[in-house]
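Residue numbering for the sequence shown follows my numbering, beginning at 64 and increasing consecutively.
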Amino acid sequence: MLNAANILKQYGNLQVLKGVDLSIAKSEIVSIVG
Numbered sequence: 064m065l066n067a068a069n070i071l072k073q074y075g076n077l078q079v080l081k082g083v084d085l086s087i088a089k090s091e092i093v094s095i096v097g
């Protein structure tokens with residue numbers, strides 16, 4: 064299992080992610096597009 068909590072990403076002053084949580088269970092297939 065993979066868990067990531069409170070993900071934050073910004074480019075300069077532009078905040079693109081704030082407080083994102085992600086949980087991926089064993090043998091689950093996930094694709095992130097964007």
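For each residue, glycine too, the CB sits at the ideal point set by N, CA and C.
Nearest-angstrom Cα separation, counted from residue j out to residue i
i: VAL79; j: ALA67; result: 16 Å
i: MET64; j: VAL93; result: 12 Å
i: ASP84; j: LYS72; result: 13 Å
i: LEU77; j: ALA88; result: 31 Å
i: ASN69; j: SER86; result: 12 Å
i: GLU91; j: GLY97; result: 20 Å
i: GLY75; j: LYS81; result: 14 Å
Extent of the continuous beta strand (DSSP E) run through residue i
i: ALA68; result: 65-74
i: ILE87; result: 77-87
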